[in-house]
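Worksheet: one structure, shown below.
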Amino acid sequence: MTTLTATPTVNALRHTSPVRRSSWVRRLPLLPALVFMIVVTQIPFLLTVWYSLQSWNLLHPGTKHFVGLRNYKVIFTDTIFRTAVFNTVIFTVLPVFLSMVFGTVIALLLDRHVFGRGFLRTLIVSPFLVMPAAAALVWKFTILDPVFGILNYFLRPFGVHHVDWINAHPQATIITVLTWQWTPFMVLIVLAGLQSQGSDILEAARVDGADGLRIFRSLTLPHLRPYLELGVLLGSIYVVQAFDAIFMITAGGPGQRTTNLPYYLYEAAFRGFDIGRASAMGVVVVIATILVATLALRLISSLFSDEGMAGR
Amino acid sequence: MSTASLTLAGKQTKPLTRLVLGVVTWVIVLAFFFPVLWMALTGFKHEEDAATTPPHFIFTPTFDEYKAVWDKGLRSYLEHSISITVVSTVLVLALALPAAYALSIRPVRKWRDVLFFFISTKMLPIVGAIIPLYIIAKDLHLLDSQLVLIILYTSMNLPIAVWMLRSFLLEVPVEIVEASRVDGAGLLRQLRSVIMPVISPGLAATALICFIFAWNEFFLAVNLTTTNAATVPIYLVSFVAPEGQFWAHLSAAATVACLPVLLAGWAAQDKLVRGLSMGAVK
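So the sequence lines, in the order shown, correspond to chains A and B. Just so it is clear: in the first sequence, position 24 is 23 by numbering that gives the first Met the number 0, and no numbers are missing. Just so it is clear: in the second sequence, position 272 is 271 by numbering that gives the first Met the number 0, and no numbers are missing.
See the structure below:
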């Protein structure tokens, strides 16, 4: 119903036992999960930073040595790296934007009394659930194939013949597949937002004579805003890591036209075994993501503590 | 004009507008669902029906390809996937439930900071950690082992589970928990007799969501495993550059790969959004 995650009772309980021993008893259930997460997630990130300062290729054992920032100098003068940064941006911004547009439209449509609504909801979540690696292959062959693909068949009445979508429009292909996959995510978030809107307020506005467009602009949209923001931020954090579709459909090509940072890092690390250079790229990706992640965390934090929103 | 009817309840709009919007909704949703449907259908074709111009919508269905993927190869990948996802999901719940308890019902000091630490680990891209993970796994002789994927999938899903379970635990009436504690019930008894009955649907939904993410994971699997622990997505890699007629076979394999998660996701769809937004949206 609402976005309530913090309740007043939690705050009331917070300071009930000042005794030291009891605070350890309280911490005990938390420790296994906390220690596990610190060990498994934080240490590798620190090691990535350390590795990025080394000249280290696994194909030449015994040559590992400290080189300071040289790997960073190498990647920033590397034109392919710049292409990969550019591709990462377009493979994040466009799919997130497009899936948000589709997601909002579909959520608005599904929020109405449409015949078979539950069934349609079940269908629309499917692209998000389908294994991305499997979906990528289905798109690559059965849908986008120039000769037998069903897309060209559907487009034939419109004068489209035997377009080799993947080779002629590789970037559009990746963007399409990612948009298709992430639209359900946005539908779910926007739908949750729409359904948390009190119907009494809408009813009151209607009684006061506000027309639909007015209600949408001055009531629904402001109410939806944090949900849209959350969808965009969380979507960006996940989509920026897009790898499966690129690996399966284009392998970064043709040329480097669909090489994004995760794929380029994969090639450097697992084809070139250049640990130092690949680690430097990893650090760059993390720093770039932190910016978006900070915004996302701040938003979740405000959703989380905003009593105004939580109280409704 | 159309926006007007979108925001209003259906009964307020004209029947014609309602009909048109209903049809539009069906067309858009079916278009999005079509690739999934086409995948499952192509799996029921004979190879000579699979890649044709024009595509065959009417054909004699066969289970041959589904049987073939089962007999040839996919089975061991499925077994790896099942054991890795099941063990890691159980591990996630075992770690997350006590942690969520310590962040909701009897909160530790600074529970907010801890909660946000968990979520922040989810926001750092895995490419930033893959190289040390690979080196460490190699040094510990854990490359291509199920254990390494179990550990990593557990860390991948633990923050989501902590946040989700916490949001479910907050729905447990505090007075009941307090009363049972006053009666001298320990943590385990509180969990069993008071908390579990209330949150078990939430626990099930959390388990399903962890299962979905672990089952579909590709990046870690492709970099850290080859044969002994290779999961279902890795089986699909062999179709990237195949030979001969293979569409029906590919579609059958892809359908089998997707089916467990589709079923889990459809079952958990009411709670899906809570998992995806880390419990921030209900």
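All residues carry an ideal CB built from backbone N, CA and C; glycine is no exception.
Annotated three-state conformation of Ser144/B is coil, per DSSP. Residues Pro126 of the same chain have their beta carbon placed closer than 6 Å to that of Trp179/A, with the five preceding and five following residues left out of the count.
Note on the region 16 to 75 of chain A: whole alpha helix (DSSP H) runs with a minimum of 4 residues are 19 to 26, 30 to 36, 42 to 50 and 69 to 75, in chain order.
Identification of residues in the region 34 to 68 of chain B having a C-beta nearer than 7 Å to some C-beta of chain A yields Pro34, Val35, Trp37, Met38, Thr41, Ala50, Thr51, Thr52, Pro53 and Pro54, given in sequence order. In the DSSP assignment, Asp273/A forms a beta bridge with Asn56/A. Within 7 Å of the CB of Leu177/A, no CB atom of chain B is found; the nearest one sits about 13 Å away. For the 9 Å CB-CB criterion, Ser235/A and Val34/A do not form a contact. The C-beta distance from Ala228/B to Ser154/B rounds to 16 Å, too long to meet the 8 Å contact threshold. Within chain B, the C-beta atoms nearer than 8 Å to that of Tyr226/A come from Val280, in chain order.
Along the region 61 to 130 of chain B, the alpha helix (DSSP H) occurs as fully enclosed runs of 4 or more residues at 63 to 68, 74 to 101 and 110 to 122, listed in sequence order. Only residues of its own chain outside the window of five on either side were considered, and among them none has a CB closer than 8 Å to the CB of Pro221/A.
Taking a beta-carbon distance threshold of 9 Å, Phe32/B counts as an interface residue toward chain A. Spanning the alpha carbons of Lys121/B and Phe115/B requires a straight line of approximately 10 Å. The way I'd put it, the region 244 to 263 of chain A doesn't touch the region 221 to 232 of chain A; fewer than three beta-carbon pairs between them come closer than 8 Å. DSSP places Glu177/B in the helix class (H, G or I) of the three-state scheme. The Cβ atoms of Thr258/A and Asn151/A do not sit closer than 9 Å to each other.
Cβ contact annotation for Leu58/A (same chain, cutoff 7 Å, sequence separation greater than five): Phe272, in chain order.
Within 9 Å of the CB of Ile105/A, the CB atoms of chain B belong to Thr24, Ile27, Val28 and Phe31, in sequence order along the chain. The CB of Val239/B comes closer than 7 Å to the CB of Met247 in chain A, given here in chain order. Bounds of the alpha helix (DSSP H) holding Ala251/B are Trp246 to Ala266. Along the region 81 to 108 of chain A, going in chain order, the ones with a CB nearer than 9 Å to a CB of chain B are Phe101, Val104, Ile105, Leu107 and Leu108. From the listed residues Arg297/A, Gly254/A, Val284/A and Met130/A, the smallest Cα separation to Pro124/B is found for Val284/A. DSSP, read as helix, strand or coil, puts Pro221/A in helix. For the region 198 to 260 of chain A, the continuous alpha helix (DSSP H) assignments of 4+ residues that do not extend past its boundaries occur at 198 to 206, 211 to 214 and 220 to 238, in sequence order.
With contacts defined by Cβ atoms closer than 9 Å, His161/A and Val137/A do not form a contacting pair.
In this structure, Asp210/A lies away from Ala135/A, with their beta-carbon atoms at least 9 Å apart. Residues of chain B with a Cβ closer than 7 Å to the Cβ of Ser125/A are, in chain order, Phe32, Val35 and Leu261.
The Cβ of Ile299/A sits closer than 9 Å to at least one Cβ of chain B. Between Val28/B and Ile149/A, the beta carbon gap of about 18 Å keeps them out of contact (Cβ cut-off 8 Å). Against chain B, a Cβ distance below 8 Å from Met36/A picks out Phe116, Phe117, Thr120, Ser154, Leu157 and Pro158. Under the 8 Å Cβ criterion, the region 157 to 173 of chain B counts as touching the region 203 to 220 of chain B, having at least three qualifying pairs.
For Ile194/B, none of the residues of chain A pass the 8 Å Cβ criterion, the least Cβ distance being about 12 Å.
For Gly281/A, a Cβ of chain B is located within less than 9 Å of the residue's own Cβ. In the structure shown, Met130/A falls within a coil segment according to DSSP collapsed to helix, strand and coil. Nearest CB-CB separation between Arg111/A and chain B: below the 9 Å threshold. In this structure, the straight-line span from the alpha carbon of Ser250/B to that of Asp70/B is close to 15 Å.
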